[in-house]
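Report on the following structure.
2 protein chains.
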Amino acid sequence: MRTVNVAIVGFGTVGSGVARILLESGDALAARAGVRLRLKYVCDTDLQRPRDIAVPQELLTDSLDRVLADGEVEIVCELIGGTTVAYDVVERALRAGKHVVTANKALLAERGMPLMKLAREQGVAISFEGAVAGGIPLILAVRDGLVANRITAIAGIVNGTCNYILTRMHEEGTPYAEALSAAQAIGYAEADPTLDVSGRDSAHKLVILGRLAFAVPIAFDEVYCEGIEGIDPRDVRFGDELGYIIKLLAIGQLDSSGGVNLRVHPAFVPKGNPLAYVADAYNAIMVHGDAAGDTLYYGRGAGQMPTASAVVADVVDTALGRATLTFAERDMFAEDAAHAVRPIDDVRTRSYLRFDVIDEPGVLAAIAGILGSHAISIASVLQHESTDAEHVPLIIMTHEALERDMQDALRQIEQLDAVRCRPVHIRVVDQEGGR
Amino acid sequence: MRTVNVAIVGFGTVGSGVARILLESGDALAARAGVRLRLKYVCDTDLQRPRDIAVPQELLTDSLDRVLADGEVEIVCELIGGTTVAYDVVERALRAGKHVVTANKALLAERGMPLMKLAREQGVAISFEGAVAGGIPLILAVRDGLVANRITAIAGIVNGTCNYILTRMHEEGTPYAEALSAAQAIGYAEADPTLDVSGRDSAHKLVILGRLAFAVPIAFDEVYCEGIEGIDPRDVRFGDELGYIIKLLAIGQLDSSGGVNLRVHPAFVPKGNPLAYVADAYNAIMVHGDAAGDTLYYGRGAGQMPTASAVVADVVDTALGRATLTFAERDMFAEDAAHAVRPIDDVRTRSYLRFDVIDEPGVLAAIAGILGSHAISIASVLQHESTDAEHVPLIIMTHEALERDMQDALRQIEQLDAVRCRPVHIRVVDQEGGR
Numbered sequence: 521m522r523t524v525n526v527a528i529v530g531f532g533t534v535g536s537g538v539a540r541i542l543l544e545s546g547d548a549l550a551a552r553a554g555v556r557l558r559l560k561y562v563c564d565t566d567l568q569r570p571r572d573i574a575v576p577q578e579l580l581t582d583s584l585d586r587v588l589a590d591g592e593v594e595i596v597c598e599l600i601g602g603t604t605v606a607y608d609v610v611e612r613a614l615r616a617g618k619h620v621v622t623a624n625k626a627l628l629a630e631r632g633m634p635l636m637k638l639a640r641e642q643g644v645a646i647s648f649e650g651a652v653a654g655g656i657p658l659i660l661a662v663r664d665g666l667v668a669n670r671i672t673a674i675a676g677i678v679n680g681t682c683n684y685i686l687t688r689m690h691e692e693g694t695p696y697a698e699a700l701s702a703a704q705a706i707g708y709a710e711a712d713p714t715l716d717v718s719g720r721d722s723a724h725k726l727v728i729l730g731r732l733a734f735a736v737p738i739a740f741d742e743v744y745c746e747g748i749e750g751i752d753p754r755d756v757r758f759g760d761e762l763g764y765i766i767k768l769l770a771i772g773q774l775d776s777s778g779g780v781n782l783r784v785h786p787a788f789v790p791k792g793n794p795l796a797y798v799a800d801a802y803n804a805i806m807v808h809g810d811a812a813g814d815t816l817y818y819g820r821g822a823g824q825m826p827t828a829s830a831v832v833a834d835v836v837d838t839a840l841g842r843a844t845l846t847f848a849e850r851d852m853f854a855e856d857a858a859h860a861v862r863p864i865d866d867v868r869t870r871s872y873l874r875f876d877v878i879d880e881p882g883v884l885a886a887i888a889g890i891l892g893s894h895a896i897s898i899a900s901v902l903q904h905e906s907t908d909a910e911h912v913p914l915i916i917m918t919h920e921a922l923e924r925d926m927q928d929a930l931r932q933i934e935q936l937d938a939v940r941c942r943p944v945h946i947r948v949v950d951q952e953g954g955r
Numbered sequence: 521m522r523t524v525n526v527a528i529v530g531f532g533t534v535g536s537g538v539a540r541i542l543l544e545s546g547d548a549l550a551a552r553a554g555v556r557l558r559l560k561y562v563c564d565t566d567l568q569r570p571r572d573i574a575v576p577q578e579l580l581t582d583s584l585d586r587v588l589a590d591g592e593v594e595i596v597c598e599l600i601g602g603t604t605v606a607y608d609v610v611e612r613a614l615r616a617g618k619h620v621v622t623a624n625k626a627l628l629a630e631r632g633m634p635l636m637k638l639a640r641e642q643g644v645a646i647s648f649e650g651a652v653a654g655g656i657p658l659i660l661a662v663r664d665g666l667v668a669n670r671i672t673a674i675a676g677i678v679n680g681t682c683n684y685i686l687t688r689m690h691e692e693g694t695p696y697a698e699a700l701s702a703a704q705a706i707g708y709a710e711a712d713p714t715l716d717v718s719g720r721d722s723a724h725k726l727v728i729l730g731r732l733a734f735a736v737p738i739a740f741d742e743v744y745c746e747g748i749e750g751i752d753p754r755d756v757r758f759g760d761e762l763g764y765i766i767k768l769l770a771i772g773q774l775d776s777s778g779g780v781n782l783r784v785h786p787a788f789v790p791k792g793n794p795l796a797y798v799a800d801a802y803n804a805i806m807v808h809g810d811a812a813g814d815t816l817y818y819g820r821g822a823g824q825m826p827t828a829s830a831v832v833a834d835v836v837d838t839a840l841g842r843a844t845l846t847f848a849e850r851d852m853f854a855e856d857a858a859h860a861v862r863p864i865d866d867v868r869t870r871s872y873l874r875f876d877v878i879d880e881p882g883v884l885a886a887i888a889g890i891l892g893s894h895a896i897s898i899a900s901v902l903q904h905e906s907t908d909a910e911h912v913p914l915i916i917m918t919h920e921a922l923e924r925d926m927q928d929a930l931r932q933i934e935q936l937d938a939v940r941c942r943p944v945h946i947r948v949v950d951q952e953g954g955r
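Following this line, the structure appears as structure tokens:
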């Protein structure tokens with residue numbers, strides 16, 4: 521059996537997990553993989569910080585030069601994170617002729633193109649299963665498992681932190697700030713949770729998935745992105761009454777004219793749709809292919825060992841020589857556009873709307889009139905009594921309408937004297953595959 | 521871009537689907553795959569029967585000899601089905617140095633070992649994504665995506681026909697025979713549904729999955745197999761009241777002493793477990809790995825285009841040369857046992873029991889006494905009033921107990937004068953990953 525030497529660069533949480541698998545399941549892993557993986561270096565600028573795994577002293581180094589100069593090292597795992605130092609490390613590793621495995625979604629989403637190009641020039645591969653949906657082999661499914669399909673839609677829960685927060689809000693009626701604190705207390709959310717709760721992390725993953733699924737060169741800022749910070753527990757409850765569960769979804773759709781829309785936003789998913797039942801920190805992604813139909817992939821989207829599982833799968837794929845074949849033959853981050861990226865304005869969705877209105881005659885008529893004049897048709901109306909004597913929440917579910925029309929209508933409705941504050945607008949994603 | 525010649529042997533439903541993809545999505549498929557697939561032959565003994573796709577006359581042949589003698593053909597897709605003619609076709613194709621792609625679960629489960637061995641000797645690959653769970657890239661996930669993991673459990677719904685029938689029984693209270701007729705009416709069940717409803721088809725798939733997941737040489741008759749024919753709608757309803765949904769599960773588990781148990785049987789899955797929400801003809805499989813944790817794969821487990829999607833994915837994998845690398849390095853159908861297969865008697869599960877008893881004092885005490893003397897502890901009791909004056913259904917949920925003890929106890933309880941007929945015993949599968 522062949523032995524392949526591997527270096528880990530970035531000895532943090534995921535790096536420690538990868539080291540653990542390589543060091544502790546050596547023989548069993550070799551038997552499963554058909555190749556023996558030898559951890560030759562663990563490289564980090566800080567080797568003093570305590571880790572949860574004991575790595576033999578002779579593997580530790582703070583010199584990337586030493587790692588890259590070692591001709592025996594075939595695979596470098598970039599597990600630093602961020603888009604600056606990590607970029608330099610990957611670039612230098614590629615130039616040194618090493619294959620790269622990375623779990624760095626921000627790097628790939630924001631600066632992936634030139635690195636992919638360089639790897640192709642160098643005849644080596646970049647693999648990134650760990651960058652999207654952690655322990656779920658989703659990249660493998662989209663890239664290889666569904667290769668026979670024209671993929672027309674992806675829709676998924678790709679941020680466990682947000683899903684944990686929304687699950688608490690849905691199941692216990694917890695307000696957002698409290699649910700966020702709970703997520704922080706058990707280590708699901710960072711002290712600064714912005715990257716997660718703003719939807720930006722989901723957008724990073726959507727850029728990567730969208731490029732693979734639709735073969736279109738997506739710039740990060742082409743993804744429409746709305747986070748969960750503004751979610752009011754009342755809307756979570758009203759949605760539940762209407763048969764919907766709130767989720768932060770990352771959605772990519774191919775339209776009939778060959779355009780692609782890409783968006784991250786809170787969405788009401790009807791009970792009955794498999795995505796509605798994905799609770800806590802789990803991730804799940806629905807993919808619609810023209811031959812396979814809807815398939816869904818569910819599991820832990822983050823965390824030390826799930827992400828390490830994905831990284832090691834890529835290392836095996838690379839060590840067996842398969843990654844090189846895949847990477848050489850298939851332009852996964854194509855630079856020439858097969859599809860144009862469409863703005864959110866062009867998207868059609870059903871919507872949940874909540875208006876806090878003064879309880880007086882004619883208000884519903886005024887709102888309905890504005891919606892109607894924007895070609896937005898009402899599916900149902902729910903008016904709850906309020907403890908607030910003056911204002912009542914008026915909930916309107918609409919049929920499918922164009923986002924541009926909806927925004928125009930909402931701006932106009934906001935101007936009505938009887939409407940107290942900014943209307944709440946939550947899109948409904950009501951078919952499998954995000955349609 | 522390289523062109524690889526492919527032959528389809530068996531021009532039935534799946535064969536037509538594969539032909540459709542290869543003929544109709546040629547350029548787009550080549551762009552995605554990185555290799556051009558050329559359909560060179562479609563071979564069948566009956567070329568007159570009408571098909572739902574028009575294949576150019578010059579591709580059609582009834583001579584397997586001609587296909588195998590053509591040195592340009594690199595890949596043979598065996599889509600005949602069954603274990604006799606198909607065996608000969610695969611054997612001859614391998615001897616002729618062709619790679620084989622098959623969707624034939626019965627063939628692999630019952631006669632797979634010698635074919636795998638022959639393929640290894642010939643230096644070619646056998647791929648079989650389409651044999652398990654149709655359009656879901658499950659083999660890819662278990663074999664490659666989770667390669668870093670020691671897989672400790674798989675539990676899944678792998679027969680869409682049974683799941684459709686059980687969904688009708690659960691959602692509408694339909695009796696078994698009526699639900700089966702409904703499945704036959706829409707083409708989900710065969711005129712002779714035995715292979716599906718007996719659990720045998722699920723067992724075929726479990727043999728294949730179990731071999732991959734646990735690297736153990738499983739003989740088909742080592743899988744415990746119980747079908748859905750005996751399911752009474754009353755039990756479906758009582759289970760629902762207790763918080764469970766009935767599913768036919770295929771389960772493989774590694775125990776702490778290194779043994780594997782493999783079983784197909786109806787099971788009560790608690791609401792809250794993702795498998796409980798898999799409805800209609802969909803399949804879903806939960807896999808537990810020591811690093812990734814629980815992952816689940818959901819989609820269409822059968823049907824023309826989903827299965828064709830899987831077959832074409834294998835053809836691409838083979839055409840790119842990846843299948844050969846995987847097959848050469850990894851003994852996927854290992855002949856030497858890494859684990860012993862344990863009989864069902866050694867399995868521990870929670871159970872749902874229903875006894876139809878004469879409504880008289882002391883009956884519950886007698887039953888509870890027998891259970892207790894077999895170390896079976898009662899979790900809850902549910903007694904419903906009956907319209908039948910003489911008999912009432914007595915439902916007992918037990919804590920985890922050994923199957924052997926349960927069978928002994930049930931035989932003893934059956935002898936009681938107050939117990940009318942054979943007790944109903946449905947195992948509860950209550951944790952993710954089938955534990």
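Quick mapping for you: the protein sequence lines, in order, are chains A and B. FYI, the numbering for the first sequence is 521 to 955, going by my numbering. FYI, the numbering for the second sequence is 521 to 955, going by my numbering. Cβ atoms here follow ideal geometry from the backbone N, Cα and C, with glycine treated the same way.
Using a Cβ cut-off of 7 Å (strictly closer), state whether residue i contacts chain B.
{"i": "SER777/A", "result": "no"}
{"i": "MET825/A", "result": "yes"}
{"i": "ARG552/A", "result": "yes"}
{"i": "ILE674/A", "result": "no"}
{"i": "TYR797/A", "result": "yes"}
{"i": "SER647/A", "result": "no"}
{"i": "ARG571/A", "result": "no"}
Would you please verify whether the beta carbon of residue i is less than 7 Å from any beta carbon of chain A?
{"i": "ASN669/B", "result": "yes"}
{"i": "ARG955/B", "result": "Confidence is the limiting factor: at ARG955/B the pLDDT is only 39, short of 50, which leaves the residue's position unreliable and the question unanswerable from this model."}
{"i": "ALA811/B", "result": "yes"}
Could you tell me which chain A residues have their CB closer than 9 Å to the CB of residue i, listed as they occur along the chain?
{"i": "LEU884/B", "result": "Going along chain A, no residue has its Cβ under 9 Å from LEU884/B, so there is no contact; the nearest lies around 36 Å."}
Applying a beta-carbon distance threshold of less than 8 Å, which residues of chain A neighbour residue i?
{"i": "ALA833/B", "result": "ASP664, GLY665, LEU666, VAL667, ALA668"}
{"i": "ASP564/B", "result": "In chain order: nothing, as chain A lies at least about 21 Å away."}
{"i": "VAL526/B", "result": "The premise fails here: VAL526/B is roughly 12 Å from chain A at the closest Cβ pair, so nothing lies under 8 Å."}
{"i": "LEU549/B", "result": "VAL667, ALA668"}
{"i": "SER871/B", "result": "Here the premise fails: no neighbours, minimum Cβ distance about 25 Å."}
Tell me, which residues are paired with residue i by DSSP?
{"i": "PRO786/B", "result": "LEU768/B"}
{"i": "MET806/B", "result": "ALA675/B, LEU816/B"}
{"i": "ALA921/B", "result": "THR869/B"}
{"i": "ARG558/A", "result": "ASN525/A"}
{"i": "TYR744/A", "result": "ARG783/A"}
{"i": "VAL644/B", "result": "According to DSSP, VAL644/B bridges with nothing at all."}
Note down, in chain order, every chain B residue with its Cβ under 7 Å from the Cβ of residue i.
{"i": "THR968/A", "result": "No information on residue 968/A is available, as it lies outside the stretch 521 to 955 that chain A covers here."}
{"i": "ILE541/A", "result": "ALA668, ALA811"}
Between the options, which has its C-alpha nearest residue i's C-alpha?
{"i": "ALA548/B", "options": "THR869/A, GLU880/A, ARG850/A", "result": "ARG850/A"}
{"i": "SER545/B", "options": "VAL667/A, MET633/A, PRO634/A", "result": "VAL667/A"}
{"i": "SER583/B", "options": "TYR607/B, GLY530/B, ARG615/B", "result": "GLY530/B"}
{"i": "PRO863/A", "options": "GLY882/A, CYS745/A, ARG942/A, VAL832/A", "result": "CYS745/A"}
{"i": "ASP741/B", "options": "LEU729/B, PRO794/B, ILE933/B, HIS724/B", "result": "HIS724/B"}
What residues of chain A sit near residue i, judged by a beta carbon separation below 7 Å?
{"i": "ASP814/B", "result": "GLY819"}
Does the ligand HEM have a heavy atom nearer than 6 Å to the CB of residue i?
{"i": "SER777/B", "result": "With respect to small molecules bound, the structure shown includes none, and the ligand HEM cannot be examined in it."}
- Are the region 793–813 of chain B and the region 754–762 of chain B in contact at 8 Å, needing three or more beta carbon pairs? no
- Cβ contact (3+ pairs, closer than 8 Å) linking the region 620–629 of chain A and the region 592–602 of chain A: Touching, yes.
- Query: Do the region 679–698 of chain A and the region 685–694 of chain B touch if we need at least three Cβ pairs shorter than 8 Å?
  - Reply: no
- Item | the region 831–847 of chain A in contact with the region 831–844 of chain B per 3-pair CB rule at 8 Å | yes
- Item | Inter-stretch contact at 8 Å, needing at least 3 Cβ pairs: the region 699–714 of chain A / the region 726–737 of chain A | no
- Message: Contact between the region 871–890 of chain B and the region 935–947 of chain B is defined here as three or more beta-carbon pairs at a separation below 8 Å; is this criterion met?
- Response: Short answer: they touch.
- Taking 8 Å as the threshold, find out whether the region 882–894 of chain A comes into contact with the region 577–592 of chain B through three or more Cβ pairs. no
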